[in-house]
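I have placed the structure first, in the form of structure tokens, so that the comments after it can refer back to it.
In my numbering, the protein residues as written are 74 to 394.
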């Protein structure tokens with residue numbers, strides 16, 4: 074499409090070319106008539122001789138050769154990491170030795186939607202309207218949630234032994250319950266894999282979580298949970314009240330209000346729970362502590378400018394190697 078100040082449209086180019094080729098006008102006379110340079114008149118006349126009227130359309134400005142273009146194999150690896158693991162440019166770039174900006178351009182050219190606009194299970198694009206917020210200091214608000222996760226039977230699930238055998242092994246495997254506490258400001262996480270989601274288990278978990286945050290120099294002022302039965306219990310309410318902590322609950326059917334815990338759960342699934350074809354639940358749980366340490370101390374977090382959560386907790390950085 075020609076720019077707004079172009080002297081020739083496609084029809085104007087065709088008329089100029091026909092004047093030169095079919096009617097025998099000199100190039101200089103045609104150039105003066107259509108108010109273009111002699112070089113331009115010669116170009117359109119030449120294209121008309123070669124291609125006819127079809128040659129008057131704009132051609133792509135893309136160069137014939139792009140020596141610095143990202144190799145096809147590397148593009149395939151970028152797309153595979155996005156579709157299979159749900160990683161973003163900040164994770165894919167260091168893994169493949171590429172700048173995150175280059176990864177973003179590769180994903181954009183491939184038509185991949187942003188991670189926040191995809192469904193976790195299907196990886197299909199969805200539209201969400203989320204109001205984001207962040208409290209100014211660690212401990213101002215801690216998001217607490219529980220993720221129910223099917224246990225891996227001994228011998229492995231369907232990803233290891235196939236779907237038919239996996240269904241047989243799955244019988245009676247039961248569930249694990251990952252209790253999660255995420256600091257709103259720093260995204261520092263304390264989490265445990267427990268056997269249930271009763272009020273006594275939830276209160277015991279929070280006692281240990283609060284001790285963890287206190288050891289990191291964080292004084293918890295508020296806790297945000299969903300409307301699960303354990304969080305609506307008197308035991309939970311009284312336990313927080315005794316510690317001087319304000320309890321807040323999300324609106325019904327509004328999980329995005331507790332979004333930082335929900336986002337951590339999503340990361341937990343893609344980068345730990347389903348990251349490898351584990352052969353048993355014991356093997357998966359054994360990898361949890363190391364993964365959680367990596368998340369807190371080493372994993373790049375896009376909301377924190379590419380830094381790990383530990384960098385936002387003054388008394389925490391450097392405690393671990």
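We put the CB at the ideal spot given by N, CA and C, even for glycine.
Between the Cα of residue i and those of the options, spot the shortest distance and give me the residue it belongs to.
{"i": "residue 130", "options": "139, 136, 120 and 138", "result": "120"}
{"i": "residue 179", "options": "190, 166, 189 and 191", "result": "166"}
{"i": "residue 143", "options": "132, 169, 118 and 156", "result": "169"}
{"i": "residue 108", "options": "122, 94, 125 and 80", "result": "80"}
{"i": "residue 282", "options": "307, 209 and 256", "result": "256"}
{"i": "residue 251", "options": "287, 358 and 134", "result": "358"}
{"i": "residue 325", "options": "147, 301, 138 and 77", "result": "301"}
{"i": "residue 159", "options": "198, 314 and 367", "result": "198"}
{"i": "residue 248", "options": "263, 262, 384 and 224", "result": "224"}
{"i": "residue 208", "options": "307, 328 and 296", "result": "296"}
{"i": "residue 210", "options": "272, 102, 98 and 290", "result": "290"}
{"i": "residue 374", "options": "312, 258 and 147", "result": "258"}
{"i": "residue 385", "options": "334, 355, 330 and 286", "result": "286"}
{"i": "residue 319", "options": "367, 264 and 216", "result": "216"}
{"i": "residue 371", "options": "377, 101, 362 and 383", "result": "383"}
{"i": "residue 205", "options": "338, 360, 329 and 353", "result": "329"}
{"i": "residue 314", "options": "337, 280, 336 and 344", "result": "280"}
{"i": "residue 148", "options": "122, 172 and 176", "result": "176"}
{"i": "residue 377", "options": "354, 140, 333 and 190", "result": "333"}
{"i": "residue 260", "options": "306, 102 and 366", "result": "366"}
{"i": "residue 128", "options": "278, 316 and 82", "result": "82"}
Is residue i near residue j, with beta carbons less than 8 Å apart?
{"i": "residue 50", "j": "residue 226", "result": "Only positions 74 to 394 of the chain appear in the structure, and residue 50 is not among them; the question remains open."}
{"i": "residue 299", "j": "residue 213", "result": "no"}
{"i": "residue 387", "j": "residue 369", "result": "no"}
{"i": "residue 126", "j": "residue 113", "result": "no"}
{"i": "residue 262", "j": "residue 308", "result": "no"}
{"i": "residue 267", "j": "residue 346", "result": "no"}
{"i": "residue 327", "j": "residue 304", "result": "no"}
{"i": "residue 152", "j": "residue 118", "result": "no"}
{"i": "residue 344", "j": "residue 364", "result": "yes"}
{"i": "residue 100", "j": "residue 115", "result": "yes"}
{"i": "residue 408", "j": "residue 338", "result": "This structure gives no information on residue 408, because the portion of the chain shown stretches from 74 to 394."}
Evaluate residue i with the Cβ neighbour count: other Cβ atoms within 10 Å of its Cβ, from every protein chain shown; 16 or more gives buried, anything less gives exposed.
{"i": "residue 86", "result": "buried"}
{"i": "residue 110", "result": "exposed"}
{"i": "residue 351", "result": "buried"}
{"i": "residue 340", "result": "buried"}
{"i": "residue 293", "result": "buried"}
{"i": "residue 188", "result": "buried"}
{"i": "residue 164", "result": "buried"}
{"i": "residue 184", "result": "exposed"}
{"i": "residue 312", "result": "buried"}
{"i": "residue 394", "result": "Residue placement at residue 394 is flagged as unreliable, the pLDDT there being 39, under the threshold of 50; the coordinate-derived value follows with that caveat. Exposed: under 16 other Cβ atoms inside 10 Å."}
{"i": "residue 181", "result": "exposed"}
{"i": "residue 172", "result": "exposed"}
{"i": "residue 272", "result": "buried"}
{"i": "residue 146", "result": "exposed"}
{"i": "residue 140", "result": "exposed"}
{"i": "residue 155", "result": "buried"}
{"i": "residue 284", "result": "exposed"}
{"i": "residue 190", "result": "exposed"}
{"i": "residue 264", "result": "buried"}
{"i": "residue 136", "result": "exposed"}
{"i": "residue 95", "result": "exposed"}
Would you mind reading off the limits of the alpha helix (DSSP H) that contains residue i?
{"i": "residue 170", "result": "Counting along the chain, residue 170 falls outside any alpha helix (DSSP H), and DSSP gives it neither H nor E."}
{"i": "residue 288", "result": "272–288"}
{"i": "residue 264", "result": "Not the alpha helix (DSSP H): residue 264 falls in the beta strand (DSSP E), residues 262–267."}
{"i": "residue 365", "result": "361–370"}
{"i": "residue 249", "result": "First-last for residue 249: 248–256, but that is the beta strand (DSSP E), not the alpha helix (DSSP H)."}
{"i": "residue 312", "result": "307–315"}
{"i": "residue 100", "result": "100–106"}
{"i": "residue 145", "result": "145–158"}
{"i": "residue 111", "result": "111–124"}
For the beta strand (DSSP E) holding residue i, just list the boundary residues, first then last.
{"i": "residue 340", "result": "Taken as a continuous stretch (DSSP letters only), residue 340 belongs to no beta strand (DSSP E), being part of the alpha helix (DSSP H) at 332–341."}
{"i": "residue 85", "result": "First-last for residue 85: 83–94, but that is the alpha helix (DSSP H), not the beta strand (DSSP E)."}
{"i": "residue 295", "result": "295–298"}
{"i": "residue 374", "result": "It is not in any beta strand (DSSP E) - residue 374 carries neither H nor E in the DSSP assignment."}
{"i": "residue 219", "result": "215–223"}
{"i": "residue 208", "result": "Here residue 208 belongs to no beta strand (DSSP E), and DSSP marks it neither H nor E."}
{"i": "residue 319", "result": "319–322"}
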